[in-house]
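Here the structure comes first, spelled out in structure tokens, and everything after it is commentary.
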Amino acid sequence: MLYGLCALAGLLVVAVLADIIYQVISGASPAISRFGLNFIGHSRWAPNFGVFGAAAPIYGTLLSALIALLLATPLGIAIGLYLSTMAPPAVRAVVGPLVEMLAAIPSVIVGFWGFAVLAPFAAQHLEPFLHNVLGFIPLFGTPQSSGASIFTAGLGLTLMVLPIIAALSRDLFLTVPQELTDGAAALGATRWEIIRGVVLPSTVSGVAAAVVLGLGRALGEAIAVTQMIGDGAGIHSSLFLPGVSLASRIATEFNTPENPLHIPSLFYLALILLVIGLLTSLLARTIAGRFDVARTLISS
Amino acid sequence: MTTVSDALERDPSLPDPTAPLTATGNLRRRAAVSRFIELGASAAALFAVAMLGLVIYEVTKQGLSAVTSSFPDFLFTNPSGLAGGGILNSLLGTAVIAALAALIAVPVGVLTGLYLTEFAGPHARSGRGLKLVLDLMQGLPTIIAGVFIYGLLVATTHIESGLAGSLALSIVMLPLIARSSQEVLLLVPNSLREAADALGVERWRTVLGVILPAAIGGIATGAILSIARAAGETAPLLFVNSIYNPDATELNLFGHGVPSIPIFIYTNFDLPSQEAVSRVWGAAFVLLVCILLANVAARVLLARTRAKMRS
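Chains A and B are the protein sequences, given in the same order.
Residue numbering for the first sequence is 1 to 300, as defined by the numbering used here.
Residue numbering for the second sequence is 301 to 611, as defined by the numbering used here.
If you want it as structure tokens, here you go:
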């Protein structure tokens, strides 16, 4: 009886995921049959003319997530190292939960804060500075006054990805057997040499999996990105111009369709997002699976 | 003839034994690099805590003044127009939507966790497949949950409802609850199961009488965390429960859109009026306080459960 209930619950979970995939594909099917795979490479999006292409939101999604990862990966790993190998126990017990609490802030509040505080700060200080120093690279173009841009969205995403990478890598570093680090210390290695020679090599695939999980989070975030990215159109080389992401386009336009193909096209964007989400999860699992093997080899 | 001083003459190729015990040369460089890295790692941790502080500070500064300027009316009146009144209807609505979502997701999630630990066996193919499905579900962008429920319910009936919102939130909660229950159930000592087996107790009675009571604290922790997570979610509600009268209380989940705090913030945060934005800060403050308190409560509960399991 209880076994039946539990098995039923498990089956329900599987059925829900299958139905999610089915619903998204069937909602997108009019757009798929109309545009095919050209949809992905087409950069123009003009709902009132029935012209739909996903290139601009894909570009914005990848770029903002890339900014977030570039910043959050070194920071997150450094925090993981600090919490697992350097911080005194009392500090660890306080700072660890605080970092995790960063992940508990609802994305709509992060986005609101990003819109009200981070975007003006970026527009007045960060972006002009980067433009002055690195302006010869097209990525760092002329800043806009609002501060709503792919760059600001990337900064906001950094805050949301950072606690994921930090907490996961801390937990990984804590699993490194004490004998290994003690052995390195007995050979006269400094703390950094222990980290570089023992801690990081034995956890590298796990850390990579944590980064991929963070990437998945950054690629799929809808609300905070919508609030910070500025809903721009087209593909521009400058990070400081408003842009659009897959999730932000869905969030902005889903309630106000202007064309019979509009909703199916948004479903098509959701399908791309779904595929990205499934792939990042699978990738993280595959990498982490290899990590499990490595760990058992080391400890046996 | 050799003198004492000749015998003490040092071989110049050996290190000076009277040199002070401080690092020099290469060792000094290595120690400096190590200290530099430690400094960088501490700075990174400080940065994360500072960012958390900055967000909480801004929300508290702006939100507290909105809440206290018309306290307690801010919590006990409905909004009126674009800038006046409080957030009562969104507060109640969020509570009701999240409660129904929990009512759906907690039983299914806990039963799934039980299936994984008590019935599937550690190496069964069904258990591994189910874990994969849960991982995939947890990795889905939350806006997909909204698109899914839109396609399932709203596209066919053309009615947004609190029920649809609750269902979308329950999809976000389900994998979180299932995985956290599974992890807690794995912590229950196997000796308990073996003792019950040895006494000839049936598996379902063992689960209900022994295993669940031992794990209940941890399961509750996971449930609280996932409810707090879902209550703050906006994206799943956006297409299935965002059309409602913003100034009225609506708690009937069937056939009506039900107001919620995340949707309230999302639809009002970029209004040009100072008063309207101040009201949004107030709503953000109330939501943040509730969620952070739930997180602290869950942490305390978890610490107590861990202590109990160890003893």
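Heads up, the beta-carbon is just placed ideally off N, CA and C, and yes, glycines get one too.
Cβ-Cβ separation, residue j to residue i (assumed contact under 8 Å), whole Å
i, j, result
"B:S446", "B:A468", "Residue 446 of chain B is actually Gly in this sequence, not Ser. At roughly 5 Å, the Cβ-Cβ gap stays under 8 Å, so B:G446 and B:A468 are in contact."
"B:F564", "B:S390", "4 Å"
"B:G465", "B:I397", "5 Å"
"A:T158", "A:L71", "4 Å"
"A:A166", "A:G80", "5 Å"
"B:G462", "B:V558", "3 Å"
"A:F52", "A:F39", "7 Å"
"B:T605", "B:T521", "7 Å"
"B:K608", "B:G517", "7 Å"
"B:S560", "B:T442", "About 14 Å; that fails the 8 Å criterion."
"A:I229", "A:S149", "7 Å"
Chain-ordered neighbours of residue i on chain B, where CB pairs are closer than 7 Å
i, result
"A:Y59", "Result: empty, since nearest Cβ-Cβ is about 17 Å, beyond 7 Å."
"A:G183", "Residues of chain B passing the Cβ test: none, with the nearest at roughly 17 Å."
Classification of residue i by the beta-carbon crowding that lies within 10 angstroms, buried from 16 upward
i, result
"B:E575", "exposed"
"B:T358", "According to the sequence provided, residue 358 of chain B is Glu. The question's Thr does not apply to it. By the 10 Å Cβ count, B:E358 comes out buried."
"A:T73", "buried"
"B:N552", "exposed"
"A:N255", "exposed"
"B:N541", "buried"
"A:S33", "exposed"
"A:P57", "buried"
"B:P312", "exposed"
"A:A93", "exposed"
"B:S369", "exposed"
"A:H125", "exposed"
"B:S470", "buried"
"A:M1", "exposed"
"A:V95", "buried"
"B:A598", "buried"
"A:I137", "exposed"
"A:V293", "Bear in mind that a pLDDT of 48 at A:V293, under 50, signals an unreliable position, so the number given afterwards is only what the model happens to contain. The residue in question, A:V293, is exposed, as its Cβ has fewer than 16 Cβ neighbours within 10 Å."
"A:L17", "buried"
"A:L134", "exposed"
Chain-ordered chain A contacts of residue i [CB-CB under 8 Å]
i, result
"B:D570", "F115, Q227"
"B:V580", "F112"
"B:S461", "Simply none; closest approach about 15 Å."
Three-state secondary structure assigned by DSSP to residue i
i, result
"B:G451", "helix"
"A:T296", "Residue confidence is low: A:T296 scores 48 on pLDDT, short of 50, so the model does not pin down where it sits. No coordinate-derived value is stated."
"A:P30", "helix"
"B:A598", "helix"
"A:A104", "coil"
"A:V51", "strand"
"B:A401", "helix"
"B:P379", "strand"
"A:A46", "strand"
"B:G384", "strand"
"B:P317", "coil"
"A:H125", "helix"
"A:V110", "helix"
"B:A424", "coil"
"B:N326", "helix"
"A:A189", "coil"
"B:D435", "helix"
"A:H236", "coil"
"B:V586", "helix"
Under 8 Å from the C-beta of residue i: neighbouring residues of chain B
i, result
"A:V110", "V355"
"A:R285", "L432, D435"
Interface partners of residue i on chain A, CB under 7 Å
i, result
"B:V337", "Here the sequence assigns Ile to residue 337 of chain B, which means Val is not the residue at that position. Those are W192, listed as they occur along chain A."
"B:D497", "Here the premise fails: no neighbours, minimum Cβ distance about 15 Å."
"B:R428", "In chain order: nothing, as chain A lies at least about 11 Å away."
"B:P659", "Here chain B has residues from 301 to 611 only, and residue 659 of chain B is not among them."
"B:G642", "Given a span of 301 to 611 for chain B in the structure shown, any question on residue 642 of chain B remains unanswerable."
"B:I527", "Going along chain A, no residue has its Cβ under 7 Å from B:I527, so there is no contact; the nearest lies around 12 Å."
Contact set between residue i and chain B, taken where Cβ atoms lie within less than 9 Å
i, result
"A:R170", "None at all; the shortest Cβ gap to chain B is about 10 Å."
"A:S245", "What A:S245 touches in chain B: nothing, since even the nearest Cβ is about 10 Å away."
heavy atom of the ligand SAH below 6 Å from residue i C-beta
i, result
"A:S205", "No copy of the ligand SAH appears in this structure; indeed no ligand is present at all."
Do three or more CB pairs link the region 99 to 108 of chain A to the region 345 to 357 of chain B at distances below 8 Å?
yes
Measuring CB atoms only, is the region 11 to 25 of chain A touching the region 265 to 283 of chain A, in the sense that at least three cross pairs come out at less than 8 Å?
yes
Taking one C-beta from the region 234 to 250 of chain A and one from the region 190 to 198 of chain A each time, how about it: are there three or more such pairs within less than 8 Å?
no
Would you call the region 63 to 70 of chain A and the region 137 to 155 of chain A touching, i.e. three or more CB-CB distances under 8 Å?
yes
Pair every Cβ in the region 6 to 21 of chain A with every Cβ in the region 408 to 417 of chain B, then say whether three or more of these pairs are closer than 8 Å.
yes
Cβ contact (3+ pairs, closer than 8 Å) linking the region 413 to 433 of chain B and the region 475 to 488 of chain B
yes
The region 175 to 191 of chain A contacting the region 323 to 342 of chain B, beta-carbon criterion three pairs below 8 Å
yes
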